[in-house]
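Read the structure below first, then the notes.
In our numbering, the protein residues as written are 18 to 174.
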């Protein structure tokens with residue numbers, strides 16, 4: 018009977034030693050946990066400040082017009098679509114849980130290099146922007162027309 022108790026205690030000791038090692042490892046890993054949490058909060062706050070608000074259409078559209086002078090292009094139309102991009106929507110394959118997307122159709126014209134500069138300015142912009150697709154066609158000898166479909170990260174409705 019004593020051998021059975023010793024064997025059972027040996028198993029319990031092994032389990033307890035394993036738990037102690039796990040606790041020690043967790044203790045090491047949590048050394049800077051408070052600072053890491055604060056750093057992550059700063060990153061999340063920064064990201065949230067970059068999100069567009071679906072209901073601030075005038076501000077959102079004005080944001081794109083700011084690039085008109087920087088890139089030396091002429092924007093002839095900007096429209097904000099009423100629904101998020103289907104890929105990122107509720108039942109889409111890349112559903113976003115915490116955020117949404119705003120879709121903009123933008124039509125502009127300018128020299129080819131200036132249209133590329135417009136793309137570059139969008140890429141450098143603070144908000145999270147992605148040019149989903151675009152078409153470029155020549156309208157005059159030195160100018161092109163471009164149609165873009167742009168996705169912007171937005172606050173969840």
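Ideal Cβ placement from N, Cα and C applies to all residues, glycine included.
Could you tell me which of the options sits nearest to residue i, measuring between CA atoms?
{"i": "residue 80", "options": "167, 173, 174", "result": "167"}
{"i": "residue 117", "options": "38, 171, 58", "result": "171"}
{"i": "residue 106", "options": "126, 58, 173", "result": "173"}
{"i": "residue 82", "options": "157, 153, 155, 142", "result": "142"}
{"i": "residue 153", "options": "125, 169, 147, 137", "result": "125"}
{"i": "residue 169", "options": "101, 109, 111", "result": "101"}
{"i": "residue 73", "options": "112, 99, 51, 108", "result": "99"}
{"i": "residue 175", "options": "36, 30, 78, 86", "result": "Any answer about residue 175 is impossible in this case: the structure gives the chain only from 18 up to 174."}
Tell me whether residue i is buried or exposed, calling it buried when 16 or more other Cβ atoms sit within 10 Å of its Cβ.
{"i": "residue 40", "result": "exposed"}
{"i": "residue 49", "result": "exposed"}
{"i": "residue 75", "result": "exposed"}
{"i": "residue 161", "result": "buried"}
{"i": "residue 114", "result": "exposed"}
{"i": "residue 26", "result": "exposed"}
{"i": "residue 156", "result": "exposed"}
{"i": "residue 43", "result": "exposed"}
{"i": "residue 34", "result": "exposed"}
{"i": "residue 163", "result": "buried"}
{"i": "residue 158", "result": "exposed"}
{"i": "residue 77", "result": "buried"}
{"i": "residue 165", "result": "buried"}
I'd like to check one pair, residue j with residue i: are the Cβ atoms closer than 8 Å?
{"i": "residue 119", "j": "residue 151", "result": "no"}
{"i": "residue 91", "j": "residue 132", "result": "no"}
If contacts are defined as beta-carbon pairs under 8 Å, then residue i and residue j qualify, I think. What distance do you get, rounded to the angstrom?
{"i": "residue 139", "j": "residue 84", "result": "7 Å"}
{"i": "residue 88", "j": "residue 135", "result": "4 Å"}
{"i": "residue 122", "j": "residue 96", "result": "5 Å"}
Answer with yes or no whether the minimum CB distance from residue i to chain C is below 8 Å.
{"i": "residue 131", "result": "The displayed structure is made up of one protein chain only, and chain C is not part of it."}
Problem set entry | Inside the segment 75 to 160 only - alpha helix (DSSP H) runs reaching at least 4 residues | 129 to 141
Problem set entry | Contained alpha helix (DSSP H) runs [length at least 4] in the segment 27 to 72, N- to C-terminal order | 50 to 67
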